[in-house]
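There are 4 protein chains.
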Amino acid sequence: MVKVGIIGATGYTGAELVRILSRHPEIELVALTSRHYAGEEMADVYPALTGYVASPCEDLTPEDVLERAEVVFIALPHGHAVKVAGRAVEMGVKVIDLGADLRFRDAAVYEEWYKVSHADHELAANAVYGLPEIHREAIRKARVVANPGCYPTSVILGLAPLLKAGYIDPATIIIDAKSGVSGAGREARVTSLFVECNENINPYGVAGHRHTPEIEQELSLLAGREVKVTFTPHLLPISRGILSTMYAALVRPATEGELRQVYRDFYAGEPFVHLLPRGTWPHTRWVYGSNNCHINLTVDGRTGRVVVASAIDNLTKGASGQAVQNFNLMCGFAESTALAAPGLCP
Amino acid sequence: MVKVGIIGATGYTGAELVRILSRHPEIELVALTSRHYAGEEMADVYPALTGYVASPCEDLTPEDVLERAEVVFIALPHGHAVKVAGRAVEMGVKVIDLGADLRFRDAAVYEEWYKVSHADHELAANAVYGLPEIHREAIRKARVVANPGCYPTSVILGLAPLLKAGYIDPATIIIDAKSGVSGAGREARVTSLFVECNENINPYGVAGHRHTPEIEQELSLLAGREVKVTFTPHLLPISRGILSTMYAALVRPATEGELRQVYRDFYAGEPFVHLLPRGTWPHTRWVYGSNNCHINLTVDGRTGRVVVASAIDNLTKGASGQAVQNFNLMCGFAESTALAAPGLCP
Amino acid sequence: MVKVGIIGATGYTGAELVRILSRHPEIELVALTSRHYAGEEMADVYPALTGYVASPCEDLTPEDVLERAEVVFIALPHGHAVKVAGRAVEMGVKVIDLGADLRFRDAAVYEEWYKVSHADHELAANAVYGLPEIHREAIRKARVVANPGCYPTSVILGLAPLLKAGYIDPATIIIDAKSGVSGAGREARVTSLFVECNENINPYGVAGHRHTPEIEQELSLLAGREVKVTFTPHLLPISRGILSTMYAALVRPATEGELRQVYRDFYAGEPFVHLLPRGTWPHTRWVYGSNNCHINLTVDGRTGRVVVASAIDNLTKGASGQAVQNFNLMCGFAESTALAAPGLCP
Amino acid sequence: MVKVGIIGATGYTGAELVRILSRHPEIELVALTSRHYAGEEMADVYPALTGYVASPCEDLTPEDVLERAEVVFIALPHGHAVKVAGRAVEMGVKVIDLGADLRFRDAAVYEEWYKVSHADHELAANAVYGLPEIHREAIRKARVVANPGCYPTSVILGLAPLLKAGYIDPATIIIDAKSGVSGAGREARVTSLFVECNENINPYGVAGHRHTPEIEQELSLLAGREVKVTFTPHLLPISRGILSTMYAALVRPATEGELRQVYRDFYAGEPFVHLLPRGTWPHTRWVYGSNNCHINLTVDGRTGRVVVASAIDNLTKGASGQAVQNFNLMCGFAESTALAAPGLCP
C-alpha cells in the first residue's frame with residue numbers, strides 16, 4: 001500500500017482524485033487537506049463518497065503532508081506547488097502537481113504568461129510533463145511530474161501523430177476548444193453560476209489563454225521546430241468534457257485512410273486513446289467520467305486542410321485521471337489501475 | 001465464468017447492463033440481441049464502450065440466447081418476458097427480467113393496469129421481486145427474478161422502514177417523484193426530444209401511472225395491510241436520476257432522531273443504501289451512475305407529517321445495477337461485484 | 001410617461017424588470033441603482049439589453065431615487081424595504097417591493113420566520129399583497145404593494161379556486177414545488193454553481209422554508225379559516241420556472257369536470273391564468289419568460305384526493321412580471337401592458 | 001391587415017413564426033397548415049400560445065393557402081418550395097421560403113450539395129437572398145425571398161465587414177460553428193433525444209455540411225472573388241442559439257481598434273446587429289429568443305490572424321425572426337415590427 005496525500009482535496013480536481021483513488025487497491029489515503037472544510041469528513045463535503053471514503057479533511061501544512069505520504073498530489077491553483085515540490089524532492093517524496101507551475105521546461109515562459117515570478121527554474125527544467133502517451137518512460141523514472149492542463153491534453157493527443165509524421169504545416173494550426181464548466185473550479189464566481197452558463201456558449205480568453213504556451217511547448221517538441229497556434233477556448237453548459245476541434249493545412253495531399261493509419265500506428269497499444277471508426281465523430285459524453293480520449297479526423301479536400309477532433313473528460317483524462325495514470329507509472333503499478341472503465345453513457 | 005445473455009442490449013437499460021458487466025470479473029457475454037443493430041459491434045452502437053467491450057449485436061431468437069447462456073437478462077418493454085422466462089425455467093436458465101411482466105404476484109393486477117392479458121399467472125406468482133434490501137434471501141434461491149421498476153425502487157426503499165415499524169398512516173401516503181429522461185428509453189419520440197425536455201419540468205401520468213400498483217404491492221407487504229397511494233411522476237431535464245419526495249402522517253408523535261435510528265437499523269450493513277447526515281438532503285447527482293440509494297427525512301412538526309426523500313440513478317439502482325446486484329446474489333458472487341463505486345460527482 | 005426607479009437593478013429580478021420595462025411605452029427609467037456596477041451602463045452588465053436600454057447603473061441612496069421617481073421598484077433581498085417604503089409614502093411615491101418585508105399583514109409572523117425585527121408593523125398591516133387575481137381592486141388603490149414570492153404565486157393561484165369554493169380539506173394540503181436556479185439570485189454561492197446544479201434535483205428548506213407562512217396567510221384568507229401546509233421546495237437544473245404540484249383531500253366526491261368548471265369560473269377574464277385542456281399538464285417551458293400561469297388538475301378517485309399543478313416563470317409572473325402587472329394597475333394602464341406575450345417556446 | 005399563411009406551422013420554425021406574428025399588429029393569420037396536427041388548435045399543439053393564438057391547424061394544399069393569403073411563409077424541409085413559389089408568383093402572392101430550395105442563384109450548386117434536381121432554375125436565379133443587412137433594397141422589391149440558413153446568417157454577418165473591406169485573405173477562412181438542438185427540427189430522431197444531446201458536444205457534417213456552399217456564395221459576393229471555406233458545425237446541449245467562431249489571416253497588419261471601426265461603419269443604423277464592447281465576447285443567451293446578432297473580434301498578433309465570433313438565436317434571427325424582418329421589408333412595415341425586444345436573459 002502506497003501512502004498518498006492530496007493537497008487541496010475539496011476542489012473539483014481534488015474530489016475527482018479521491019473518487020478515482022477510492023477504487024485503487026494499492027493505496028492508502030493518509031492526508032486530505034482543505035482549509036475551508038477542515039474537520040469535516042470528506043464524504044460530508046462530497047456525499048457521493050458516502051460509504052466509499054472515510055477520511056477527514058485537515059488543515060495541514062505541506063510539511064505535514066510530506067511527512068505522512070510517499071506520494072503527494074497537489075490540486076491547488078497555480079502558484080503553490082514550487083515550494084512543496086522542492087521540499088518533497090529533498091524528503092524523497094514523489095510529487096504530481098496538477099497545476100501549471102512546473103509544466104514549462106523554461107520557467108521564463110511561465111512567468112510571461114502567468115505574470116508571476118518562478119522561484120525554482122531548475123526544478124521546472126527537470127520536472128517531467130506528465131502526458132504518458134508522449135513521455136511515458138520519463139514519467140516512470142520521475143520524482144516530480146507536472147500533470148498537463150486539460151486543454152493541452154486534448155490538443156496534444158489530437159495533433160501529435162500528424163506533427164510527428166510531418167503531415168501538417170505547423171504555421172497553420174488553429175484550435176477551437178470547448179470545455180465544460182468544471183474546468184473553472186469550485187470557486188464561487190458569478191461567471192460560473194448555473195444561470196450564467198446554462199443555455200449558453202461563449203468564447204473566452206481569445207488569443208491570450210494561458211494554455212497556449214503549454215500547447216506550443218509540446219507541439220514544438222513533436223514537430224521538431226517552433227510552433228505557434230491560434231487557440232480559442234469556449235465555455236459550454238456541461239459539467240465535464242472538452243472537445244477540441246483542430247485545423248491545419250496539409251503539406252502534401254493525403255487521404256483520410258492514410259492519416260488514419262498514422263494515428264493507429266502512433267497509438268497502438270495505448271489503453272486510453274481510441275481512434276473512432278471513420279465518420280464517427282467524438283462526443284464528450286462517450287468519455288464522461290472516464291480516462292479515455294476519443295479522436296477522429298478527416299481531410300477537407302476542397303481546401304487542403306485536415307480537421308481533427310478529440311474528446312476527453314477534463315476532470316479525468318484532463319486532470320485527475322491522468323494524474324493517477326502518472327502515479328501508476330511512477331509506482332510501477334499497471335497503468336490502468338483504478339482507471340479501466342468506459343465512459344458513463346447513456 | 002458465468003455465460004450471460006442480454007435480450008435487448010441496445011436500449012438504455014441494455015447498454016447500462018453491458019457497461020456494468022464490462023467490469024464484472026466473473027462473467028462472459030455470450031449473446032447481445034438487437035433487431036435494429038444486428039451485425040454491428042456493440043461498441044459501434046455505444047462508442048463509450050470502445051476498448052472495453054468486443055461483442056457483436058445479433059438478431060437472435062430468445063431460444064438461441066437460452067441455449068448459449070446460463071443467465072439471461074431481458075431488457076425489453078413489457079409484454080415480451082413471460083414466454084422467454086417460462087422456456088428458461090424449463091431449460092434451467094436463470095432469468096432476470098427488467099420489464100414489468102413478472103413484478104406482480106397477482107397477474108390480474110398487471111392485466112388491469114397494463115391492459116394486456118398475462119399468459120402465465122403461475123409463473124408470475126412464483127417470480128421473486130428483485131429488491132435485495134427487502135427480498136434478499138428469496139432472490140438468492142430464485143430462478144426468475146422480476147427486477148423492480150425505477151420509481152418503485154426509490155419509493156419502497158424510502159418508505160420501508162417507516163411502514164415496517166408502523167410509524168405512518170398508510171392511508172396518507174403521497175409520493176411526488178421526479179425522473180430523468182432516460183427513463184423513457186431510447187425510442188425516438190417527440191416527447192423525449194432535447195428541445196421538448198430541456199429547461200422544463202412537467203407532471204405526467206398523474207393518478208394513473210403503471211408503477212402505482214407495483215409500489216402498492218410492496219408497501220402493502222411491508223405494512224401488513226392494504227396500502228393505496230397517490231403517486232405523481234414528473235419528467236426532469238436530466239439524463240439519469242430519480243428523486244422521490246414522500247409524505248405521510250405520523251400515527252404518533254416522533255422525533256427526527258428516533259426515526260433516523262429506525263432507518264439506521266433497517267439498513268444496517270446494506271452496501272448501497274445510505275442515510276445522509278441530518279439536514280443533508282439527497283441530490284441525484286450524488287448517486288449518478290452508481291448503484292447507491294441516498295435517503296433523508298424530517299418531521300414537519302407543524303402538521304404532524306414525516307417527509308422522506310430518496311435518490312437513485314434510474315438506470316443503475318433503478319434498473320441495470322440492481323439487476324446485476326440480483327445476478328450476483330443468484331450466482332453466489334459478492335453482492336457488490338462490479339457495482340462498488342461512488343456516484344460520478346462532481 | 002411615468003418616471004420609474006429600480007433599487008437593485010442588477011440582480012436577476014432587477015434585470016428582469018428592466019427587460020420588461022424596456023418594452024413599456026408609458027414609462028421612463030430615471031434611476032437604476034447598483035452598488036457593484038455603479039458607473040457602468042446597464043447594457044454592459046446585461047449585454048442582452050444592448051440597443052434596447054441606455055441607462056447607467058448608479059450608486060444612489062434610496063432618497064435620491066425617491067426624489068427622481070414617481071414609482072419605485074425595490075428588488076433587494078429582504079430587510080431593506082421597510083425604511084424606503086415608509087419614506088416613499090411620506091413623499092407620495094408609489095412603491096412595489098419585490099422582497100418579503102411587507103408581505104405579512106401581521107409583521108410578527110415575518111419576524112418569526114425571517115429572524116429579524118420589523119421596524120414598522122403598521123406599514124406592513126396596510127401594504128397590499130400584490131397578487132392581482134386575488135387582490136386586484138386593492139392594488140389599484142395601493143400606495144405600497146408587497147409583490148408576492150415566487151412559490152406563493154404559483155401555489156395560491158393553483159389552490160385558490162378549490163379553497164374558495166370549499167372543495168378541499170385545508171388540513172390535508174401538501175405542496176411539492178420545484179424551482180429553477182434563478183430563484184436563488186445572482187449572488188456567487190457554491191450551491192448555485194453550474195456544476196452543483198446541473199444534472200441534479202434536490203429538496204431544500206424542507207418543513208421550514210420562509211414562503212410557508214406567506215402561502216398560509218393567503219390560503220387562510222381564501223379558506224376563511226386557518227390553513228397550515230406542508231411545503232417542500234426543490235432545486236431544478238433550469239434557469240427559469242416553478243412547477244408546484246399540490247395535493248389535498250376532497251371534502252366531498254367531485255368529478256374532474258365539475259372542478260374544471262370551478263377554475264374556469266374563478267379565472268374567467270384573467271389575462272394571464274390559463275386552465276389547460278383536460279390531460280395536458282403544465283410544462284414550465286410553456287410559460288418561459290412570460291407572465292402566464294398554466295394550471296391543470298385531476299381527481300385521484302382511488303384515494304379521494306385532488307392533484308393540482310401550476311407553472312409560472314419565477315422571474316416573471318413569480319417576480320418582475322407580476323410587479324409590472326401591479327404597476328400597471330396602480331398607474332391605471334392596461335393590465336397587460338409590456339406583458340402580453342406567449343412563453344418562449346420552443 | 002395583411003393576410004398571412006404558413007405552410008408547415010407545427011415544426012419549430014413554423015411555431016416560432018406563429019409566436020412572433022402573434023405580436024404583429026398588422027397581420028391576420030389565415031392559414032396554418034399541418035398534416036400531423038390537422039384539426040387541432042395551434043395552441044393545443046404549442047400550449048405556450050394559449051390565450052395568444054386562436055387558429056386551427058389545417059391539412060391544406062399549397063393552392064388553398066395561396067388563395068387565402070397575400071404572403072406565404074414556407075417552413076418545410078427543402079424540396080417543397082419550388083412548386084409553391086412558382087405558383088405564388090403566378091397568383092401574385094409573395095413568398096418567403098425558410099428552406100434551402102431558393103437560396104442559390106445557381107441552382108446547379110443546390111443540386112450538387114442537396115443531391116436532388118431543381119425544377120426551376122430561373123426562379124432560383126431571380127429569388128432574393130433574404131439577409132437584410134446585405135440585400136435590403138432587393139428584399140423590399142422581392143416577390144420571392146429565400147430566407148438564409150441559420151449557420152450562414154451568423155457567419156455572413158460575422159465576416160461581411162472584413163471581406164468587403166479587404167482585410168482578410170479569403171483562402172484562409174475557417175469557421176467553427178456551434179448550434180443548439182432546435183436546428184435539427186422537431187422530427188423524432190434518436191440523435192435529437194434529450195439523453196443523446198445532454199452533457200455533450202460533438203462535431204457533425206465535417207467538411208461536407210450543406211450550408212457550406214450557401215456561405216461561400218455570399219462571402220464570394222462580398223469579397224468580389226471566389227471564396228472557399230472550411231466549415232465545421234457542432235451540436236450543443238442548448239435549445240436555441242448559434243455561435244460561430246471564425247478565423248482568417250489578415251492580409252496586412254491591423255489593430256483591433258481599426259477593425260472595430262470597420263464593423264461600426266458597416267452596421268451603422270442596423271437595428272439588430274450589435275458589436276459588443278471590446279473584450280465582451282458574444283454569449284448565445286444574450287440573444288436568446290431575439291432577432292439580435294452580437295459580434296466581437298480580436299487580432300491574434302502572434303499569428304497574424306483575426307478571430308471573430310457572432311451569436312444569434314437560430315430560430316429567430318437564424319430563421320423565423322429574419323423571415324418576419326423580410327416580411328416587414330416586403331410589406332413596407334417598420335423593419336422591427338414584432339421583433340424589437342432584447343434577448344430573454346437572465
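Chains as they are written, first to last, in UniProt numbering: chain A, 1 to 346; chain B, 1 to 346; chain C, 1 to 346; chain D, 1 to 346. We put the CB at the ideal spot given by N, CA and C, even for glycine.
Chain A places no beta carbon closer than 9 Å to that of C/GLY321, leaving this residue out of the contacts. Counting C-beta atoms within 10 angstroms of its own C-beta, A/PRO237 has 16 or more neighbours from the protein chains shown and is therefore classed as buried. Membership of D/VAL251 in any beta strand (DSSP E) is not indicated, and neither H nor E is assigned to it by DSSP. Along the stretch 164 to 194 of chain B, the positions whose C-beta sits under 7 Å from a C-beta of chain D are VAL181, SER182, ARG186, ALA188, ARG189, VAL190, SER192, LEU193 and PHE194, read in chain order. Annotation: D/ILE74 to C/ALA15 spans about 36 Å, alpha carbon to alpha carbon. In the three-state reduction of the DSSP assignment, D/VAL195 falls in the helix class, which pools H, G and I. When B/GLY183, B/CYS57, B/LEU162 and B/PHE231 are compared, the shortest CA-CA separation from B/LEU259 is found for B/LEU162.
With respect to the 9 Å criterion, A/THR245 and A/VAL308 are classified as neighbours on the basis of their beta carbons. For A/ALA177, the enclosing beta strand (DSSP E) starts and ends at 174 to 179. The alpha-carbon of B/LEU49 is positioned some 5 Å away from that of A/PRO342. In this structure, the straight-line span from the alpha carbon of C/GLY279 to that of C/ASP300 is close to 13 Å.
Under DSSP, C/HIS78 forms no beta bridge with any residue.
Between the alpha carbons of A/TRP286 and D/GLU335 lies a distance of about 45 Å. Here D/ASP300 carries a strand assignment [DSSP, helix/strand/coil].
Of the residues A/GLY86, A/GLY92 and A/GLU90, the one whose Cα lies closest to the Cα of A/LEU102 is A/GLY86.
Put simply, the stretch 30 to 40 of chain D touches the stretch 1 to 21 of chain D. At least three CB pairs are less than 8 Å apart.
Between the stretch 225 to 237 of chain B and the stretch 258 to 274 of chain B there are fewer than three C-beta pairs closer than 8 Å, too few to call the two in contact. Bridge partners of A/MET246 according to DSSP: A/ILE175 and A/VAL308. Look at A/PRO233: its C-beta is not under 9 Å from any C-beta on chain C.
Taking a Cβ-Cβ threshold of 8 Å, the residues of chain D close to A/TRP281 are ASN202, PRO203, TYR204 and VAL206, in chain order. Excluding its 5 nearest sequence neighbours in each direction, C/VAL155 has C-beta neighbours in its own chain below 6 Å: ILE175, ILE215 and SER244, listed in chain order. With contacts defined by Cβ atoms closer than 9 Å, B/ALA100 and B/GLY149 form a contacting pair.
Residues of the stretch 290 to 312 of chain C with a Cβ closer than 7 Å to any Cβ of chain B, in chain order: THR298, ASP300, ARG302, THR303, ARG305, VAL307 and ALA309. Here DSSP, grouped into helix, strand and coil, assigns B/TYR129 to strand. With a threshold of 16 other beta carbon atoms within 10 Å, D/THR153 meets it and is buried. Using a 10 angstroms sphere on the CB of A/LYS141, the tally of other CB atoms stays under 16, which defines it as exposed.
Excluding the 5 residues flanking it on each side, D/LEU275 has same chain C-beta neighbours closer than 7 Å at ARG260, TYR263, ARG264, TYR267, ILE295 and ASN296, in chain order.
For D/SER244, not one C-beta of chain C is nearer than 9 Å to its own C-beta. Per DSSP, the continuous beta strand (DSSP E) segment holding A/ILE7 begins and ends at 2 to 7.
Of the candidates D/THR337, D/LEU339, D/PRO346 and D/ALA319, D/ALA319 places its Cα closest to the Cα of D/THR13. In the structure shown, B/THR212 falls within a helical segment according to DSSP collapsed to helix, strand and coil. Exposed is the label assigned to A/SER117, since fewer than 16 other Cβ atoms lie within 10 Å of its Cβ. Annotation for B/THR316: GLU16, GLY289, SER290 and ASN291 place their beta carbon closer than 7 Å to its own, counting only its chain and skipping 5 residues before and after. The CB of D/SER239 comes closer than 8 Å to the CB of PHE194, VAL195, ASN198 and GLU199 in chain B, given here in chain order. Taken through DSSP and simplified to helix, strand or coil, B/LEU344 comes out as coil.
C/ASP44: member of the alpha helix (DSSP H) spanning 42 to 45, first to last residue.
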